[in-house]
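Visitor:
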Amino acid sequence: MGSNMAEAHPVGFQWVVEAKLRGAKVIHIDPRFTRTSALAHTFVPVRAGADIAILGGVINYILTNEKDFREYVLAYTNASTLVSEDFRDTEDLDGLFSGYDPETNTYDQSSWAYQGHEEELGGTTHTERETAAGLQQESHGPPIPGDVARDDTLQDPRCVYQVLKRHYARYTPEVVAQICGVPEEKFLEVCEAWTRNSGRERTTALVYSVGWTQHSVGVQYIRTGAIIQLLLGNMGRPGGGVMALRGHASIQGSTDIPTLFNLLPGYLPMPTYDQHETFREWVDSIRHPGQKGFWANAEAYAVSLLKSYFGDAATAENDWGYGWLPRMTGDHGTYQQVMDMIDGKIKGYFLLGQNPAVGSAHGRAQRLGMANLDWLVVRDPYMIESATFWKSGPEIATGEIKTEECRTEVFFMPAASYAEKEGTFTQTQRMLQWREQAVEPPGDARSELWFFFHLGRRIRERLAGSTLPRDEGILKLAWDYPMHGARGDEPDAAEVLKEINGYDLTTGQLLTTFNQMKPDGSTSGGCWIYTGVFADGVNQAARRRPGQEQSWVAPEWGWAWPANRRILYNRASADPDGRPWSERKAYVWWDTENNEWTGHDVPDFEKTKPPSYRPPEDATGVQAISGDDAFIMQGDGKGWLYAPSGLIDGPMPTHYEPAESPARNPLYGQQANPTRKVYDRPDNLTNPSPPERHSEIYPYVFTTSRLTEHHTAGGMSRQLPYLAELQPEMFVEVSPQLAAERGLHHLGWAHVITARTAIEARVLVTDRLVPLRIEDRTIHQIWLPYHWGNEGVVTGDSANDLVGLALDPNVLIQESKVGTCDIQPGRRPIGPALLRYVADYQQRAGLAPDHHTPIVTTSEDGNHGEQ
Amino acid sequence: MASNSLFGPIDPATDAGYEAAPPRMGFFTDTSVCIGCKACEVACKEWNLVPDDGFNLLGQSYDNTGGLSANSWRHVAFIEQPARAHTTMPAAPQSNVAAARTDVRTGTEPGIGPAVDALAAAGTAGPEFLGMPMSDLPGRSGDGERTDFRWLMMSNVCKHCTHAGCLDVCPTGSLFRTEFGTVVVQEDICNGCGYCIPACPYGVIDRRQDDGRAWKCTLCYDRLGDGLTPACAKACPTESIQFGELDVLRERADARLATLQEQGETTARLYGEDQGDGVGGDGAFFLLLDEPEVYGLPPDPEVATKYLPDMWKRAGLAALGMVASAVVAFAGRRR
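Chains F and A, in that order, give the protein sequences.
Just so you know, the numbering used here puts 516 at position 225 of the first sequence, and the rest follows in order with no gaps.
Just so you know, the numbering used here puts 366 at position 232 of the second sequence, and the rest follows in order with no gaps.
1. Is it right to say Q397 of chain A is buried, meaning 16 or more other beta carbons lie within 10 angstroms of its own, or is it exposed?
2. In whole angstroms, what separates the C-alpha of M774 of chain F from that of G1005 of chain F?
3. For the region 944 to 953 of chain F against the region 339 to 346 of chain F, do three or more pairs of beta-carbon atoms, one drawn from each stretch, fall closer than 8 Å, so that the two count as touching?
4. Contact criterion: CB-CB distance below 8 Å. Does D149 of chain A meet it with respect to chain F?
5. Quick one: grab the DSSP three-state call for S289 of chain A.
6. Using a C-beta cutoff of 8 Å, does R326 of chain F count as contacting chain B?
7. Are the C-beta of K447 of chain A and some C-beta of chain F separated by less than 8 Å?
8. Since I169 of chain A meets chain F, which of its residues come closer than 7 Å, beta carbon to beta carbon?
9. On the three-state DSSP scale, how would you describe E480 of chain F?
10. Counting along the chain, where does the alpha helix (DSSP H) carrying S545 of chain F start and finish?
11. For F304 of chain F, I'd like the list of residues in its chain whose CB is within less than 8 Å of its CB, leaving aside the five on either flank, ordered along the chain.
12. Tell me whether the beta-carbon of L557 of chain F lies closer than 8 Å to the beta-carbon of Y592 of chain F.
13. Does the beta-carbon distance from G414 of chain A to H297 of chain A come in below 8 Å?
14. What do you reckon, are the CB atoms on T814 of chain F and L796 of chain F nearer than 8 Å?
15. For chain A, check one thing: does any of its Cβ atoms lie closer than 8 Å to the Cβ of L796 of chain F?
16. Can you name the start and end residues of the alpha helix (DSSP H) that G753 of chain F belongs to?
17. Please confirm whether A1015 of chain F has its beta-carbon closer than 8 Å to some beta-carbon of chain A.
18. Between T372 of chain A and M288 of chain A, which are expected to be in contact by the criterion C-beta below 8 Å, what is the C-beta distance as a whole number of angstroms?
19. Just checking: is the beta-carbon of L191 of chain A within a distance shorter than 8 Å of some beta-carbon in chain F?
20. Is W573 of chain F closer than 8 Å to H579 of chain F when the C-beta atoms are compared?
21. When DSSP labels each residue in this structure, what does F360 of chain F get in the three-state scheme?
22. Beta carbon of P982 of chain F, beta carbon of T1148 of chain F: below 8 Å?
23. For the region 282 to 295 of chain A, which residues have a CB atom closer than 9 Å to at least one CB atom of chain F, in sequence order?
24. Check whether the Cβ atoms of R870 of chain F and D895 of chain F sit closer than 8 Å, and answer yes or no.
25. Where does W446 of chain A fall in DSSP's three states?
26. To the nearest angstrom, how far is it from the Cα of Q1105 of chain F to the Cα of E379 of chain A?
27. For N646 of chain F versus I687 of chain F, is the C-beta distance shorter than 8 Å?
28. Closer than 7 Å, Cβ to any Cβ of chain A: which residues of the region 1042 to 1055 of chain F, in chain order?
29. Under a CB-based cut-off of 8 Å, is D251 of chain A close to chain F?
30. Does the CB of D381 of chain A have a neighbour CB from chain F at under 8 Å?
31. Quick one: which chain A residues come within Cβ less than 9 Å of V308 of chain F?
32. So, is the C-beta of V428 of chain A closer than 8 Å to a C-beta in chain F?
33. Output yes if chain A places a C-beta closer than 8 Å to the C-beta of L1038 of chain F; else output no.
34. Using CA coordinates, which residue listed in A:D424, A:P432, A:A463 is at the minimum distance from I213 of chain A?
35. Listing by chain order, which chain A residues have their CB less than 7 Å from the CB of Q1018 of chain F?
36. Can you tell me where the beta strand (DSSP E) with Y499 of chain F in it begins and where it stops?
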């Protein structure tokens, strides 16, 4: 679901094909029939932006028919945990959970807590939203007490199992059909296949991609999938799991060792200026003294990181240089930055491996922002649109950017491609794979490593002797790497990987596991979860032993974090007593003879802690984890069907309509995610959705995604004739019915209009898109690839120019997978006429510059009721 | 020349005079696992330095290559088939491909694309396609049991026929049979006469506009010599394109077909595997999920030179007859 794996991940899709050849049934659920659907046994068309409804329907099917894997659910999930008496569900509050604050549009989550722990989780979550705090949970759950009240009969009306059952009771097959347009028999086929193929003997894998994440409820989409996989016992077991296919090579790596504003390596939070003034405050906010779990060791990871950053300059006396780290003061996410650029608050900008003029949502805002900088550095193998917007971007035609007046000084630095530099990729299974340099980059092209090392070196030379406190951190950096390569000035990437792996500073030996890290400054490590990648002095990521020469888990192909473990939480592949659930699905188990965990993979559990272990009453940290707490990074050791903390928008996923939708939410008065992050400004207007009037001005649903033939914003494919010729023109796919309704002709021109702009494309009329029956009306969906821009061998309008900025509150990702639009035959107006054309649409839709999209639309709120 | 050299099952390398030829090598293209990624097209061009084929949106589903040509030696066809007995995705009468037009300038006649693949284009069209007097196109409708929309993808390539018409008619010896049983054009010998083009029953071989010479798949003859897999098969992520000894591939294909038919794919079939067919079987054969015409392949290809012995026989008879009548005429005059 939310994935076009065959087209966007064709190499990975070979394993789906292989599974299919071995008898696996493949189901594809998507707004349109893609090359993935072509290879699936069953294709289920669904309305874009309605995935929680269909998945909620699956949960309802499981609970109503008691198809859950009960022993697994009782042992390894929080199904039996009792929830606070104060908790009120969306079913009670017309689409809101208890604790909603209409001032900040966030929740006070104390009423979501487990029973008896309401006091511990107070306050609004406004700051968490501004800092996308949900991202910290990539490696561990949020803090939660372990001593909780339970009802193992699952009968107590306050237990999670019953709360969940009530929450999804209305998500019946009829309602699913009504919301998603999925015929009931197709939906039931999915439910039956999924449940029948799960349990002791069988497991089902769930695959998603950015079709799930890029929504204003994106995180909750994934939560819904996770709930199903927990209920069916598919987590921590071979052939199960929730597989997130990432959007680029090494996107996983760029969250592990983040290019994000709110994280430090290994999911340590970036400190905020008011909450984490001292090192102690910062570390305690991570490790939560007194609680159980592996994060109790966070101080060792934090100190080791600072030792890697600052070397000998980091001492106990100066809190390991904590004062030199930057602090967050609010939302510094990519879209806030764009707004700040437009507003003149940001002066300089680095773009590396990124082409926001084409690849980011709301392209016009991206370009107008970049046109208002003092300087911009673009590093890319090709002259991309983000480097040329000042002379040939779409705003040149409309007169919004004038070349002679554009103040931005653009520095274009030619970049080496992936084959011209060495280093690692970290792929979706957390696996690091080393790649060698194949050829020297041409001309002045250089690697990222070269660029940043020498930039840092030159800045440090420039700052040498400075006594300004602000320069101290840069001057204290341990900035010394051995050089090699044809020119003798290329930093050795393997040495950087060793630094990331970490050293015992007393002996100079490389660490083999993060358990060796110490909080006393005697160890270093640039990313604690990567410790072990250079175990025994060997580049473990460079291992390429063929599959047929090793076990089926293939532990000697690359290296996966943490500790080369291939399946996380694999303790759950054995029953509470440590025996495999079935011979067929045996993976990790308790060896009663040697009294240790063993199996095909590295056990995700303390090796010698027996299944029967129960912690003493006052235990904390790792000691407090029971022998059957399979989900060791969660505060209570359980997989969460219900999330008492950690999510901004609710403890359970709820169907909200997208920020732009032609349909009224059939379940609740609350139309869209009430906590979504909005940038409510005249240059980011949102198309009206019910209950607002005029949604008929933008009557169709559009969604965007990729083609196999092109690479993201096209920088590495539209420049290459062999790829460009395979998909030479920007096009839009429409159903024959919509083509008839709007007078569109196959291969003719059409243009698509939103409140942001209008773009043009050639028309492909295809049966692969079908109109959906939603309630009593027909909803047409159109599809656009987003690869085109105005540079390269083949050019065209950019689909991302259509997308507005409404963000998921947990991780601040934009809702670019669904929006509303109009489509008309013929080409769009050019020049200033385009602006007038778009403005005319805005006016008819009631989008005056002072227009504000209502956030809360529950029936209690009389102002925004049905009109 | 052996008596059956022009038709029927033979080992082409041995027949061509190789002593102790290595096993015949070929492709088995299993279209049931093709994901239409076109990696084969790109890998082929990269390895063989084939130029790009123009930047034209053809509107033939996702096929913007149009067909096999001098500048495209692999071609992935895309065929969108509406459900026959409709359930969720009914056939839409409005969905007509305007025409099987192609701007590819590499066809034998300017402006006319390779004829065979126009049929593949037509596979996406509706009843009004070109106003032809046919009610519907192959595979587009019928009484089959299939209830779902289907999107067929197939990577087409030179068939490396057992009896290769192109080779038989080549007057310069540019086209030759390799020791692996494949058929290769030698670009430094080809004089651009173009005889090979109408001789190919599949419409594969083609002249390049700017140099006039004939070009087609070499089955990566240079790679084979070094024991390497041809570029397209190497790049194929799902093993839709399989390379190997033809005998082994045929066995594998038979097993795969049996499995698919067991699973209810009753219209699955092998194409080009039968050594009794009009070209003596193909060195590159296919597993198809529908009739060959649906993919733009001729249902019953025949090598034109198959009838050469007959023709010579008849020509000989005719000559004899003429001689006889001349003799009779002269004899009569004498009388």
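Each residue gets a CB set at the ideal place from its N, CA and C atoms; glycine is no exception.
Guide: Straight from the coordinates:
1. exposed
2. 33 Å
3. yes
4. no
5. strand
6. Protein chains F and A are contained in the structure displayed, whereas chain B is not.
7. no
8. A297, P301, F304, R326, L330
9. helix
10. 544 to 547
11. M296, A297, T327, L330
12. Reading the sequence as shown, one finds Gly at residue 557 of chain F and not Leu. Against a cut-off of 8 Å, the Cβ pair of Y592 of chain F and G557 of chain F comes out as a contact.
13. yes
14. yes
15. no
16. For the record, residue 753 of chain F in the displayed sequence is Arg; it is not Gly. That run of the alpha helix (DSSP H) goes 739 to 754.
17. yes
18. Actually they are not in contact, since the Cβ atoms of T372 of chain A and M288 of chain A sit about 13 Å apart, beyond 8 Å.
19. yes
20. no
21. coil
22. yes
23. D282, F283, R284, W285, L286, M287
24. no
25. helix
26. 52 Å
27. no
28. R1053, L1055
29. Unreliable positioning characterises D251 of chain A in this predicted model, as indicated by a pLDDT of 43, which lies under 50. The coordinate reading is nonetheless provided below. Cβ-Cβ to chain F under 8 Å: no for D251 of chain A.
30. no
31. V167, I169, P371, T372, E373, S374
32. no
33. yes
34. A:D424
35. N198
36. 497 to 499
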